[in-house]
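A.B. asks:
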Amino acid sequence: MRDYLIECRELYKSYGLRPALRGVNLDIGPGRIVGLLGPNGSGKTTLIKLLCGLLQPTRGTLAVDGQAIGPYTKSVVSYLPDRMYFADWMKATDLFDLFRDFYADFDYEKAIAMCQSLGVEPRDRLKSMSKGTKEKVQLVLVMARSAKLYLLDEPIAGVDPAARDFILRTILTNYNEEGTVLISTHLISDVEKVLDEAIFLKEGKISLHETVDNIREKEGKSVDALFREIFRAEPMEGGAF
Amino acid sequence: MLFKLLKYDFRAMWKQFSLIWGAALALALVNRFTLFRDKDNSLFTNSEVFMLAFIGVIVAMFVIAVIFVVNRFSKGLLGNEGYLMHTLPVRPWQLVASKLICGIVTWIGCGAVALLSPVLTIPLNLADLFQFPWTDLFRGILKHPDTILILLEFCLLMASSIALFISVMYLSMAIGHLFSRHRKLICTAAFIGLYILLVNFYSRIASISLVQRLMRIDTFGAGAMLKCSLFVLVPALAFLAAVCWILENKLNLE
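In the order they appear, the protein sequences are chains A and B.
Residue 144 in numbering that gives the first Met the number 0 sits at position 145 of the first sequence, with consecutive numbering throughout.
Residue 12 in numbering that gives the first Met the number 0 sits at position 13 of the second sequence, with consecutive numbering throughout.
#1: Using a Cβ-Cβ cut-off of 7 Å (strictly less than) and excluding sequence neighbours within five positions of Leu250 (chain B), which residues of its own chain qualify?
#2: When the cut-off is 9 Å and only beta carbons count, does Gly21 (chain B) lie next to chain A?
#3: Can you pull the chain B neighbours of Leu53 (chain A), defined as C-beta to C-beta under 8 Å?
#4: Let me know if Ser237 (chain B) comes out buried or exposed under the rule of 16 or more other beta-carbons within 10 Å of its beta-carbon.
#5: Measure from the alpha carbon of Leu119 (chain B) to the alpha carbon of each residue in B:Lys3, B:Arg71, B:Ala23 and B:Glu47, then state which is nearest.
#6: Does the beta carbon of Val33 (chain A) sit closer than 9 Å to a beta carbon anywhere in chain B?
#7: In whole angstroms, what separates the C-alpha of Ser159 (chain B) from that of Asp123 (chain A)?
#8: Which residues in chain A have a C-beta closer than 8 Å to the C-beta of Ser179 (chain B)? List them in chain order.
#9: Measure the CB-CB distance between Cys267 (chain B) and Arg71 (chain B) and report whether it falls below 9 Å.
#10: Go ahead and label Gly20 (chain B) buried or exposed: buried means 16 or more other beta carbons lie within 10 angstroms of its beta carbon, across all protein chains shown.
#11: According to DSSP, is Ile32 (chain A) helix, strand or coil?
#12: Which one of A:Leu150, A:Met142 and A:Pro154 has the shortest CA to CA distance from Gly131 (chain A)?
#13: Over what stretch of residues does the beta strand (DSSP E) that includes Lys147 (chain A) continue unbroken?
#14: Just confirm the distance between the C-beta atoms of Asn248 (chain B) and Gln137 (chain A), as a whole number of angstroms; I'd bet it's less than 8 Å.
#15: Need the endpoints of the alpha helix (DSSP H) that Gly108 (chain B) sits in, please.
#16: Which same chain residues, not among the five before or five after Ile185 (chain B), have their C-beta less than 7 Å away from its C-beta?
#17: Mind listing the chain A neighbours of Tyr194 (chain B)? Cutoff is C-beta to C-beta under 9 Å, in chain order.
#18: Smallest Cα separation from Gly28 (chain A): which of A:Tyr3, A:His185, A:Asn173 and A:Leu79?
#19: In chain order, what residues of the same chain lie with their CB nearer than 8 Å to the CB of Asp223 (chain A), ignoring the 5 residues before and after it?
#20: Per DSSP, what kind of secondary structure is Glu185 (chain A) in: helix, strand or coil?
#21: Among A:Lys73, A:Leu117, A:Ala161 and A:Leu79, whose alpha-carbon lies nearest the alpha-carbon of Ala103 (chain A)?
#22: Using DSSP bridges, identify the partner residues of Cys7 (chain A).
#23: So is Tyr82 (chain B) buried or exposed if we call it buried at 16+ other beta carbons inside 10 Å?
#24: Report back the beta-carbon spacing between Leu181 (chain A) and Leu150 (chain A) to the nearest angstrom; my notes put them in contact at under 8 Å.
#25: For Gly34 (chain A) and Ala110 (chain A), I'd like the C-alpha separation in whole angstroms.
#26: For Leu61 (chain A), return the contacting residues in chain B, with the cut-off set at a CB-CB distance below 8 Å.
#27: With a threshold of 9 Å between beta carbons, is Arg227 (chain A) in contact with chain B?
#28: Check this for me: beta carbons of Ser166 (chain B) and Leu99 (chain B), under 9 Å apart or not?
#29: Thinking C-alpha only, which one of B:Met172, B:Leu197 and B:Ile204 is nearest Val242 (chain B)?
#30: Tell me whether Trp106 (chain B) is buried or exposed, calling it buried when 16 or more other Cβ atoms sit within 10 Å of its Cβ.
#31: Using DSSP with H/G/I as helix, E/B as strand and the rest coil, what is Phe105 (chain A)?
#32: Starting from Phe32 (chain B) and walking both ways along the beta strand (DSSP E), at which residues does that stretch end?
#33: Can you list, in chain order, the stretches of the beta strand (DSSP E) that have 3 or more residues and sit fully within the segment 153-179 of chain B?
#34: Could you tell me which uninterrupted alpha helix (DSSP H) segments, each at least 4 residues in length, are contained entirely in the segment 153-225 of chain A, listed from first to last along the chain?
#35: Between the beta-carbon of Pro234 (chain B) and the beta-carbon of Phe200 (chain B), is there less than 9 Å?
#36: So, helix, strand or coil for Ala86 (chain A), using DSSP?
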């Protein structure tokens, strides 16, 4: 087994003149749950999209499971984007068929069982489903795979606290334990309890990459408290909160 | 993997066009009962509404076919659905080829429906059909087998022309995608630019004597239209290669 599942070297990405990632060097090993943490616009989604092959780096190299991004890496990555990506004419079962055709690690029966436990009727048209139900279908598609790398982009953003627990529980009870889960979020307190490692991304650079235990031991505070300290924004009038 | 992609593209196409093609053929059949012949054997209709509806459906079918090809590429590969398609373990050329083949088949399907519906509409007399000299026709074809070859070559030329038109649309959209703002405007400008480029290309090519000889209808024999198809396919392949390069190296699903 390789030491590192994700390897990034001097990774830069800019949108026109605006830099999104500035010289990211990163190694993440297998079998870890890693939080990619940072405020809005810090480059979390950009890094995840680069790992999926949805964006191309401006310069630098990145590899997943020792391979440059391409069909092989896509076959071992399970990606949950921050938006709906399916056509409305489909049913959930159509998507399950598609995933079964393209991903050898997709477990169709598990997907159907997950739908039942999440209260989703897989034979309904996606067009007739609510936004929340569609999000559940997308979560099922991602977690019914036995992938080497799960890339979850803001899986708990925009939902109420009860739903956040529900989503996190679904992720934790269904992921391949030999694989790595990379969760991007700015809702630290909700994910902190499940993380092995935390990566702080600030203005396109990694400002901290440490195990959660080390953070607690060295800093004497929770990841959430450290995050608030590092990313604290001063109010316009300079008054204290 | 290409066949698997085709399976889903054709399924999407069938969902959209089965209804339209069905409606066009059904209206053609309905119109059959509204048409009648006068003493001079000229055709008249006693229901302009059905005839107008039929013409409307045929026109709508071609408009929808153009929109379908544009949407399958722009939304399917460069829009939100691209988040799914580009994370599948396939090469960009397979995604493009699948969309292209499906687009060509869609337009051929629309053409076939447009050709078939008048046959369904016109009240043919069964006796006339039996009296038609079918045996002479088949004997003629057997005597001149080139006819079938020329017909097949003509079909290939039509398919190549459709492929060229679709590849111009794909490249225009891919060029638009390279920019972060005013994508639709740039896409339209790219389409016009590529169209002008093609017109210039073919006008220069057509001025070459060899091609002139080739294009002259009286010199048409087996293989002539095949060569014409090649002249059409060369720029189409160049444009598609550019599209694949953009999707492989410059994909930017922000």
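We put the CB at the ideal spot given by N, CA and C, even for glycine.
C.D. replies: Taking the definition as stated:
#1: Within the second sequence, the letter at position 251 stands for residue 250 (chain B). The residues are His85.
#2: Locating residue 21 (chain B) in the second sequence gives position 22, where the first residue counts as 1. No, no contact with chain A.
#3: Residue numbering aside, residue 53 (chain A) sits at position 54 when the first sequence is read from its first letter. The answer, in chain order, is Gly81, Tyr82, His85, Thr86, Leu250 and Leu252.
#4: Residue 237 (chain B) sits at position 238 when you count from the first residue of the second sequence. The amino acid occupying residue 237 (chain B) in the given sequence is Ala; Ser does not appear at that position. That one is exposed.
#5: Counting from one through the second sequence, the residue named residue 119 (chain B) turns up at place 120. Here the closest residue by C-alpha is B:Ala23.
#6: As a working note, residue 33 (chain A) is residue 34 in the first sequence. No, its Cβ sits nowhere closer than 9 Å to a Cβ of chain B.
#7: Looking up residue 159 (chain B) in the second sequence gives position 160. Looking up residue 123 (chain A) in the first sequence gives position 124. Near 40 Å, if we compare the C-alpha coordinates of Asp123 (chain A) and Ser159 (chain B).
#8: Looking up residue 179 (chain B) in the second sequence gives position 180. Neighbours of Ser179 (chain B) on chain A, chain order: Tyr14 and Gly15.
#9: In the structure as shown, chain B begins at 0 and stops at 253. Residue 267 (chain B) is therefore absent and cannot be evaluated.
#10: If you number the second sequence from 1, residue 20 (chain B) lands on position 21. The amino acid occupying residue 20 (chain B) in the given sequence is Trp; Gly does not appear at that position. The residue is buried, with at least 16 neighbouring Cβ atoms inside 10 Å.
#11: For this step, residue 32 (chain A) is matched to residue 33 along the first sequence. Here Ile32 (chain A) sits in strand by DSSP.
#12: Counting from 1 along the first sequence, the entry for residue 131 (chain A) is found at position 132. Checking every option, the nearest Cα to that of Gly131 (chain A) belongs to A:Pro154.
#13: Sequence index remark: in the first sequence, residue 147 (chain A) carries index 148 (1-based). That residue, Lys147 (chain A), is in no beta strand (DSSP E); it is neither H nor E in DSSP.
#14: Position 249 of the second sequence, counting from 1, holds the residue named residue 248 (chain B). Position 138 of the first sequence, counting from 1, holds the residue named residue 137 (chain A). Not a contact, Cβ separation roughly 28 Å.
#15: The count along the second sequence starts at 1 and reaches residue 108 (chain B) at position 109. Per DSSP, Gly108 (chain B) belongs to the alpha helix (DSSP H) from Pro91 to Thr120.
#16: Start at 1 with the first residue of the second sequence, and residue 185 (chain B) comes out as number 186. Ile174, Gly175 and Phe178.
#17: Against the second sequence, residue 194 (chain B) aligns to sequence position 195. None at all; the shortest Cβ gap to chain A is about 28 Å.
#18: As a first step, residue 28 (chain A) must be located in the first sequence, where it is residue number 29. The shortest C-alpha separation from Gly28 (chain A) is found at A:Tyr3.
#19: What you label residue 223 (chain A) is simply residue 224 of the first sequence in a count that begins at 1. Once the five neighbours on either side are set aside, the close Cβ partners of Asp223 (chain A) are Ile187, Ser188 and Glu191.
#20: The count along the first sequence starts at 1 and reaches residue 185 (chain A) at position 186. Rather than Glu, the amino acid found at residue 185 (chain A) in this sequence is His. Correct three-state label for His185 (chain A): coil.
#21: The residue labelled residue 103 (chain A) in the question sits at position 104 within the first sequence. Among A:Lys73, A:Leu117, A:Ala161 and A:Leu79, the Cα nearest to that of Ala103 (chain A) is on A:Lys73.
#22: Working through the first sequence from its first residue, we reach residue 7 (chain A) at position 8. According to DSSP, Cys7 (chain A) bridges with A:Leu25 and A:Leu61.
#23: Residue numbering aside, residue 82 (chain B) sits at position 83 when the second sequence is read from its first letter. Classification of Tyr82 (chain B): buried, given that the 10 Å Cβ count is 16 or more.
#24: For the purposes of this step, residue 181 (chain A) is taken as residue 182 along the first sequence, with counting starting at 1. For the purposes of this step, residue 150 (chain A) is taken as residue 151 along the first sequence, with counting starting at 1. With 8 Å as the limit, Leu181 (chain A) and Leu150 (chain A) qualify as a contact, their Cβ atoms being about 5 Å apart.
#25: As a working mapping, residue 34 (chain A) is identified with position 35 in the first sequence. As a working mapping, residue 110 (chain A) is identified with position 111 in the first sequence. Answer to the nearest angstrom: the Cα atoms are 25 Å apart.
#26: Sequence index remark: in the first sequence, residue 61 (chain A) carries index 62 (1-based). Those do not exist, as Leu61 (chain A) stays about 15 Å from chain B at its closest Cβ, beyond 8 Å.
#27: Within the first sequence, the letter at position 228 stands for residue 227 (chain A). Chain B contact via Cβ: absent.
#28: For the purposes of this step, residue 166 (chain B) is identified with residue 167 of the second sequence, where counting begins at 1. For the purposes of this step, residue 99 (chain B) is identified with residue 100 of the second sequence, where counting begins at 1. Cβ atoms of Ser166 (chain B) and Leu99 (chain B): closer than 9 Å.
#29: Counting from one through the second sequence, the residue named residue 242 (chain B) turns up at place 243. Taking only the C-alpha atoms, the option nearest Val242 (chain B) is B:Met172.
#30: On the second sequence, position 107 is the one that residue 106 (chain B) refers to. By the 10 Å Cβ count, Trp106 (chain B) comes out buried.
#31: Position 106 of the first sequence, counted from the start, is the residue given in the question as residue 105 (chain A). Reduced to three states, the DSSP call for Phe105 (chain A) is strand.
#32: Along the second sequence, read from residue 1 onward, the residue named residue 32 (chain B) stands at position 33. Element bounds for Phe32 (chain B): n/a, residue is neither H nor E.
#33: none
#34: 160-173, 187-190 and 211-218
#35: If you number the second sequence from 1, residue 234 (chain B) lands on position 235. If you number the second sequence from 1, residue 200 (chain B) lands on position 201. Closer than 9 Å, so yes.
#36: Residue 86 (chain A) sits at position 87 when you count from the first residue of the first sequence. In this structure, Ala86 (chain A) counts as coil in the three-state DSSP scheme.
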